[in-house]
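Report on one structure; see the data block that follows.
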Amino acid sequence: MSTHHISVTINGTSYEGEVDSRTLLVHWIRDTLRLTGTHIGCDTTSCGACTILVDGKATKSCTMFAVQADGRQLMTVEGLEQNDKIHPLQEGFHEEHALQCGYCTPGMMMTSLALLQRNPNPTEHEIRVGISGNLCRCTGYVNIVKAIQYAAEKMQATEEIPVGAGQGGE
Amino acid sequence: MIPGSFDYLAARSVNEAVALLDQHGEGAKVLAGGQSLIPLLRFRLASPTILIDINHIDGLEYLRETNGTLHIGALTRESELDNASLIRERYPILFETSTVVADPVVRNWATVGGNIAHADPANDHPATMIAMGAKVIAVGPAGERVIPIEEFFTDAPFETTLRPNELLTEIRVPAPVHGSGGAYVKLERKVGDYAIAGVAAYITLDANGNVTNAGIGLTNVGQTPIKARNAEHALLGKPLNDASIHQAADLAAAASQPISDTRGPAEYKRDMVHTLTVRALRKALARATGGE
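Line by line, the protein sequences give chains A and B. When we follow the numbering used here, the leftmost residue of the first sequence carries the number 1, and every step to the right adds one. When we follow the numbering used here, the leftmost residue of the second sequence carries the number 171, and every step to the right adds one.
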């Protein structure tokens, strides 16, 4: 067992800590930093509930060790809201009723953010492919797609630069 | 689920990674994209004493075509293949392979080198690399070794001929030539799942339309990635038509060794190998003759 000192920027704030080699990034974010917006769903790299951005890339944070995040820029769902103003994605999920239980929503929005940063005007097909690594078990995909389209339109109309860490996409 | 204890070191160069592997021997595991290894660690199906992280090594992520060969850096992410116009335009078989590996979020980290070095018979790149006749570059303390893909996998699952102190650094794929074409066809229950069965086919035709080179690789229908040698040989020297395609599909199905599991009974999977081989060869033929 080795421990490592890491420093990570999350949603623009610097965090430092000592982590074991085996500590998963999602556990450090939730249990140590208490940023519990990021969810743990399947624990098998399947569901995407734990998706965050790592240097702008959508990443399943249950499939990366905390030590690997050292020196990187992270963004979690808590980073979407800026200056008391919710993000167009959050607005879209609200307006289009894109959640029922809400468990998949944080990961769904972070994957969508990375998608829209890379491709500001995706087709429905591109959206569906883009979120295919995020599972919703309330079968809400139709409204999730609408919510992402809502956000895409709003972000383009307002020429708002989407918030986020690092460079967009992969 | 929490992995067991291990040490972690980040290598900054290939030489450093090789030295660390040499020093730590069998207990060391290379951490690349981690999208297979980390789940294995969480389930405690693997228990290395140390992980050597190669993600900080510069210069292992690239796609370059030079002198008739495509060079793929081992750390190249699947998402790079998904998005590279070089791959989409010149290597549709590779595009069809990378875009069905797991899901788009996993592909942001998953690497081509890892997909091959992990030697999971359910992984998608091994079949394609077998069909294309790829070569794998391994670097060890004594230098570089070029391993033909059919000598890279062994008869045992999750096993390769890489030595414990060697690092896979590059995959070399022959560039397309006039009359060549290939396709990867995967049958899956849903996005992100492993194949029920998958078939990669790559062929080259001469000016008369006769097959001069044929490669067929099978995914997830046996203990290891399978090279369907008899099917390949049956195609040589003949035109690719319904009769030869079906003969090769029979032989590919015969080469498969599927087991019955949640993805279907063995008999069904063997049948699917036949169907997918027909589809892959037809698509390869269309591409080799300027279609698609």
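Ideal placement from N, C-alpha and C gives every residue a C-beta, glycine not left out.
Alpha-carbon to alpha-carbon, residue j and residue i
i        : j        : result
ILE429/B : LYS439/B : 8 Å
ASN400/B : HIS226/B : 43 Å
ALA423/B : GLY407/B : 21 Å
LEU451/B : GLN73/A  : 45 Å
PHE265/B : ALA58/A  : 20 Å
PRO120/A : THR158/A : 12 Å
THR281/B : GLU248/B : 6 Å
ASN378/B : HIS241/B : 30 Å
ALA69/A  : LEU115/A : 21 Å
THR111/A : ASN285/B : 23 Å
GLY203/B : ALA413/B : 43 Å
SER426/B : ALA454/B : 20 Å
ASP177/B : VAL306/B : 28 Å
GLY102/A : THR246/B : 34 Å
GLY385/B : VAL355/B : 14 Å
GLU16/A  : PRO209/B : 26 Å
ARG457/B : ASN380/B : 15 Å
ALA98/A  : MET109/A : 10 Å
ALA404/B : TYR372/B : 14 Å
ALA216/B : ASP192/B : 19 Å
GLY41/A  : THR51/A  : 10 Å
GLU170/A : ALA292/B : Low per-residue confidence applies at GLU170/A: pLDDT is 38, beneath 50, and the placement is therefore not dependable, though the value from the model is reported in the following sentence. Their Cα atoms are separated by approximately 25 Å.
VAL8/A   : VAL77/A  : 16 Å
ILE10/A  : SER206/B : 26 Å
PRO344/B : GLY362/B : 28 Å
ALA287/B : ARG182/B : 20 Å
LYS360/B : VAL275/B : 15 Å
Residue i: CB within 8 Å of a non-hydrogen atom of the ligand GDP
i      : result
ILE6/A : In terms of ligand content, the structure shown is empty, and the ligand GDP therefore cannot be addressed.
Residue burial classification, residue i (beta-carbon count within 10 angstroms, cutoff 16)
i        : result
THR432/B : exposed
PRO122/A : buried
PRO106/A : buried
ALA326/B : exposed
GLN117/A : buried
GLN167/A : Unreliable placement is indicated for GLN167/A, whose pLDDT of 45 sits below 50; no coordinate value is reported for it.
GLY387/B : buried
THR330/B : buried
ASN143/A : buried
ASP223/B : buried
GLY140/A : buried
VAL347/B : exposed
Integer Cβ distance of residue i from residue j, believed to fall under 8 Å
i        : j        : result
GLY389/B : ASP294/B : What sits at residue 389/B in the sequence shown is Thr, not Gly. Confirmed, Cβ separation roughly 6 Å.
LEU375/B : GLY349/B : 4 Å
PRO395/B : PRO296/B : 3 Å
LEU469/B : ILE220/B : No statement about residue 469/B is possible, as the shown extent of chain B runs from 171 to 462 and does not include it.
GLU421/B : LEU357/B : Strictly speaking, residue 421/B in this sequence is Leu, with Glu absent from that position. Not a contact, Cβ separation roughly 19 Å.
ALA419/B : ILE263/B : Actually they are not in contact, since the Cβ atoms of ALA419/B and ILE263/B sit about 18 Å apart, beyond 8 Å.
PRO173/B : LYS199/B : With 8 Å as the limit, PRO173/B and LYS199/B do not qualify as a contact, their Cβ atoms being about 11 Å apart.
Partners in chain D for residue i, counting only beta-carbon separations shorter than 7 Å
i        : result
THR139/A : Considering every chain present, this structure includes no chain D. Its protein chains are A and B.
Can we say the region 239-255 of chain B touches the region 30-43 of chain A, given the rule of at least three CB pairs closer than 8 Å?
-> no
For the region 313-396 of chain B, list the alpha helix (DSSP H) runs that are entirely contained and at least 4 residues long, ordered along the chain.
-> 319-322
Stretch pair the region 303-323 of chain B + the region 136-151 of chain A: three plus CB contacts closer than 8 Å | no
Contact between the region 79-86 of chain A and the region 24-31 of chain A (3+ Cβ pairs under 8 Å) | no
Taking only runs of the alpha helix (DSSP H) that begin and end inside the region 400-443 of chain B, which ones reach a length of at least 4 residues, in chain order?
-> 412-425
Do the region 334-343 of chain B and the region 182-195 of chain B meet, that is, are 3 or more Cβ pairs less than 8 Å apart?
-> yes
Only counting runs of 4 or more residues, tell me where the alpha helix (DSSP H) segments fall wholly within the region 231-313 of chain B, in order along the chain.
-> 248-253, 255-260, 262-268, 274-277, 282-287 and 295-302
Counting only runs of 4+ residues fully inside the region 36-96 of chain A, write out the alpha helix (DSSP H) ranges in chain order.
-> 88-95
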